[in-house]
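Trainee: One structure follows; several queries about it will come next.
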Amino acid sequence: MLEKPKINEESEILKSLNDMQKQGAVTTEGPLLVLAGAGSGKTKMMTHRMAYLILEKNVDPQNILAVTFTNKAANEMKQRAEFLIHSRGRSLKGLWIKTFHATCLAILKNHAGALGYGENFLIYTASDQKAAVKRAIKECEISPKEYPVKMFTSFISKCKSQKIVPDEVFDYFDDSFKTQISQQVYEAYQNVLKANNAMDFDDLLLNTVILFSKYPDILKIYAERFKYIMVDEYQDTSSLQFELINKLAHVHKNICVVGDDDQCIYEWRGATIENILSFEKVYKGTKIIKLERNYRSTKNILDAAHAVISNNSKRKEKKLWTGSVEGEKISIEVYENAHAEAEFIVDKIRQAVAEEGKTYKDIAILYRNNSQSRLFEEALKRWDVPYRILSGIRFYERSEIVDMLAYLRVTENPFDDIAFLRCINEPARGLGKKALEKVASFARERGISLFAGLLMDECLAELSAAARRGAEEFIKMIKHAQDMLLDENTRISNVLKYIIETSGYERKLKLADTLESDAKLENIYELVASVADREGSSAGDDEKLTLSAFLEEIALISDVDNHDETADAVVLMTLHSSKGLEFNVVFIPGMEEGIFPSGQGDDNPGKIEEERRLCYVGFTRAKEELFLSAAKWRRHYYEDMYMQPSRFLDEVPEELVKTNVVEASSRDRYTDGYAGDPIASPFKKIKPVNTVKEKMLTAKPVSEKEFSDGDTVEHDKFGRGLIIAQTEKVWVIAFDDGGIKKLAKGIADIRKV
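Residue 1 is where the sequence shown starts when you use the working numbering, and the numbers rise one by one after that.
Right, here's the structure in full:
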């Protein structure tokens, strides 16, 4: 048993921490694993640990590295640390609190030349990567119709996450035709990146690890500098991130990793749960501290979450507890079908706001798959309930925003061919496909960029008068924008406004005068506001915000970074996207086998355990109330399927649950408006049942009628028809006037004629 470090009870830094948080803050020497349950105050512990190192142990801030996964987490950590340390008259200068990608970017900016990159290399976003892969596919003369871009981007990302370069592909994959063309595209794609002096997101991690492996002297600089390393959300680290951290920590070994194996939900994108489960085996003499006091949820919610996650075999034992009240029981409700589920949940939300004093922003609907959102969106719109979809199209990936960023990128780096091709004809300026092919051929023969080609009279001479005029206008605009940036008093937001006005983009959208064009125009103006906000927030810094710094920052933004906690709207999002957030009231619909857990893990215990961890994450987003629901019938493609309840529902102890079955009343079942009371509901609750399975599995379809193939039947909507086939769950009926329909047994009301 390792001896606990002595705690100075008089320390101002430690006074607001609980006992286990204090242990985490003062255990600074050697490897430390902090198992931090959901809502247990891990960020507070980490920031107080930084303050303790700087204020109590007099560690130079530049000797500390804290690594996170999102900008939101990094910014929150930085703000808290600044408050603690600045208020005591000390500086944070030199302290790195960065995401993994930002950490790698900072290192590569100093040493990318060792890997053959030029200064100010570019970071390709997802849309840039897609464009580069398309270009590689074209160069390899492969049909994008037969082999989609996504297939190649996934293959390339998989290779990079496993440190497989193009020349090594066949050492790890079979020699199939698919592998052969994937290897060709991977190689061509890397050439496109090199030609544009660019890296994609995966390259930031991979190239840093390669840099450290090839050049031990460069690794030594950072490994010696960072005497104290902290890693947040360690359960989500990949094998590449694991290797990166190990290299940085190998000198001093003062590494503190904070995470929760019960919240490892990203294995599908490379997270390796073994990193946290086997940490003490990798680092001998590891001290383990458990943060088990939860400051978020009620006791009933925590007990339900623990009961579910305890069914996993691959986990470290811990149990969250709270000093909070017992709280409401977990509500589990069974609906006749998915439409009823959506309508009734929206009805509950309206009642919570109208009668219980809740606000819309207190409430979240968390679902397993994005496709589940449609019915909720329709119901929310129907009842004028404000909502936001957090995991929809990201602001910075909307086409008009990508166009504007492409203009800025060409202004910053005229050698960026991908950005050039994105914006050269947005809006159209006479440079069509043939003209651009001429420019590309001219540039390729001379080994120069497309923009550089346009600057040459020989190239312009090959173009039509209209194309030449468009090219000259584009060149003039970019050159003027570059000249504006040379003036120290010019803001990036002013440069962007100039481009929006001069390029003709604003005029094009105004002339279109549609709802869609208006929305795009608003988004572009929002981008200008976003730049101005960033310029304002950096006003007190030693250096003003540069265009390259802004573009780098935008490239690293994630979904959760865009979550606005002040907007009064119900949040719709996937369970994966919800990690790190909290809401007073949480609804988790679709608790059915094949949906949650996903059917992909039926024969894979490891997949089921990850699904269960995702369920645990969903439960622990709720602070006060948790509503779980399932539908007896759900449409899959063109067929109504009878659903089995999720195994996770039965894993919640009965004493923690109130269960109801909700059915439509005899009035309009769930699609039409309600008359009378604006809060009235067309649903009635049936007597509570003991377990979900008891009701869902014993409930028979509404109709027990037996029909045979060849019977003539009648339906209220479709009229008279002939049963031509049937399965256990559906009838296939040829109606006289309505064509062939598949109707679900137990829902469709048909009568024998």
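Don't be surprised by glycine CBs; every beta carbon is placed ideally from N, CA and C. These numbers come from a predicted model, not from an experiment.
Could you tell me if ALA428 is buried or exposed, where buried requires 16 or more neighbouring beta carbons within 10 angstroms of its beta carbon?
Mentor: Label assigned to ALA428: exposed.
Trainee: Secondary structure at ASN246, three-state DSSP: helix, strand or coil?
Mentor: helix
Trainee: Check whether the stretch 267-280 touches the stretch 22-38, taking contact to mean three or more Cβ pairs, one atom from each stretch, closer than 8 Å.
Mentor: yes
Trainee: Does the pairing of the stretch 79-96 with the stretch 58-65 give three or more beta-carbon distances under 8 Å?
Mentor: yes
Trainee: For the beta strand (DSSP E) holding ILE255, just list the boundary residues, first then last.
Mentor: 255-259
Trainee: Nearest-angstrom Cα distance between VAL730 and ALA631?
Mentor: Rounded to whole angstroms, VAL730 to ALA631 spans 17 Å at the Cα level.
Trainee: Where does LEU511 land, buried or exposed, given buried means 16+ other C-beta within 10 angstroms?
Mentor: exposed
Trainee: Looking at ASN312 and GLU714, is the spacing between their C-beta atoms short of 9 Å?
Mentor: no
Trainee: Answer yes or no: do ILE363 and VAL570 have a C-beta to C-beta separation smaller than 9 Å?
Mentor: yes
Trainee: Classify HIS715 as helix, strand or coil using the three-state DSSP reduction.
Mentor: The three-state secondary structure of HIS715, taken from DSSP, is strand.
Trainee: Do you know whose CA, among GLY37, ARG388, ALA435 and SER449, lies nearest ALA461's CA?
Mentor: ALA435
Trainee: Would you mind sorting GLU336 into buried or exposed? The rule is 16 or more other CB atoms within 10 Å of its CB.
Mentor: buried
Trainee: Going straight from the alpha carbon of THR70 to that of LYS314, what length do you get?
Mentor: Approximately 26 Å between the Cα atoms of the pair.
Trainee: Can you tell me where the alpha helix (DSSP H) with THR153 in it begins and where it stops?
Mentor: 149-161
Trainee: Figure out for me which residue from ILE309, PHE376 and LYS479 has the closest Cα to the Cα of THR411.
Mentor: LYS479
Trainee: Quick one: grab the DSSP three-state call for VAL231.
Mentor: strand
Trainee: Using a threshold of 9 Å, state whether the C-beta atoms of ASN523 and ARG398 are closer than that.
Mentor: yes
Trainee: Use the C-beta contact count for ILE330: other C-beta atoms within 10 angstroms, 16 or more gives buried, fewer gives exposed.
Mentor: Counting Cβ neighbours within 10 Å, ILE330 comes out buried, since at least 16 surround it.
Trainee: Drop a sphere of 10 angstroms on the beta-carbon of LEU291, count the other beta-carbons inside from all chains shown, and report buried for 16 or more, exposed for fewer.
Mentor: Buried.
Trainee: State the CB to CB distance for the pair ASN196 and PHE415, rounded to an integer number of angstroms; the pair is presumed to be in contact (CB under 8 Å).
Mentor: Yes, they are in contact, since the Cβ atoms of ASN196 and PHE415 sit about 7 Å apart, within 8 Å.
Trainee: Using 9 Å as the threshold, is the C-beta distance between ALA198 and TYR124 below it?
Mentor: yes
Trainee: Would a C-beta distance cut-off of 9 Å place ASN660 and VAL346 closer than the cut-off?
Mentor: Not in contact: ASN660 and VAL346 (Cβ atoms no closer than 9 Å).
Trainee: Residues in the same chain with beta-carbon distance under 7 Å from SER548, minus the five sequence neighbours each way, listed in chain order, please.
Mentor: ASN120 and GLU412
Trainee: Kindly indicate which residue of GLU141, TYR505 and GLY323 has the alpha-carbon position closest to the one of SER517.
Mentor: TYR505
Trainee: Quick one: measure Cβ to Cβ for ILE499 and ALA481, integer angstroms, because I've assumed they're closer than 8 Å.
Mentor: About 6 Å; that satisfies the 8 Å criterion.
Trainee: So is GLU343 buried or exposed if we call it buried at 16+ other beta carbons inside 10 Å?
Mentor: buried
Trainee: Helix, strand or coil for TYR335, going by three-state DSSP, please let me know.
Mentor: Under the three-state reduction of DSSP output, TYR335 falls in the strand class.
Trainee: Starting from THR298, follow the alpha helix (DSSP H) in both directions and report where the run begins and ends.
Mentor: Looking at the DSSP string, THR298 is not in any alpha helix (DSSP H), and its letter there is neither H nor E.
Trainee: Are the CB atoms of VAL169 and GLN190 nearer to each other than 9 Å?
Mentor: No.
Trainee: Restricting to Cα atoms, I'd like to know which of ILE401, GLU326 and LYS381 is closest to ALA529.
Mentor: ILE401
Trainee: How would you write the range of the alpha helix (DSSP H) that ALA419 sits in, first residue to last?
Mentor: 417-423
Trainee: Spell out the partners DSSP gives LYS287 in its beta bridges.
Mentor: LEU32
Trainee: Find the nearest neighbour of GLU611 within the set ALA112, GLY41 and PRO597, judged by alpha-carbon distance.
Mentor: PRO597
Trainee: Skipping 5 residues on each side, what residues in its chain have a beta carbon closer than 6 Å to that of ARG720?
Mentor: Only residues of its own chain outside the window of five on either side were considered, and among them GLU714 and ASP736 have a CB closer than 6 Å to the CB of ARG720, listed in chain order.
Trainee: Output the boundary residues of the alpha helix (DSSP H) element that contains TYR367.
Mentor: TYR367: not part of any alpha helix (DSSP H); member of the beta strand (DSSP E) spanning 363-367, first to last residue.
Trainee: Measuring straight from C-alpha to C-alpha, what distance separates HIS306 and GLU328?
Mentor: 16 Å
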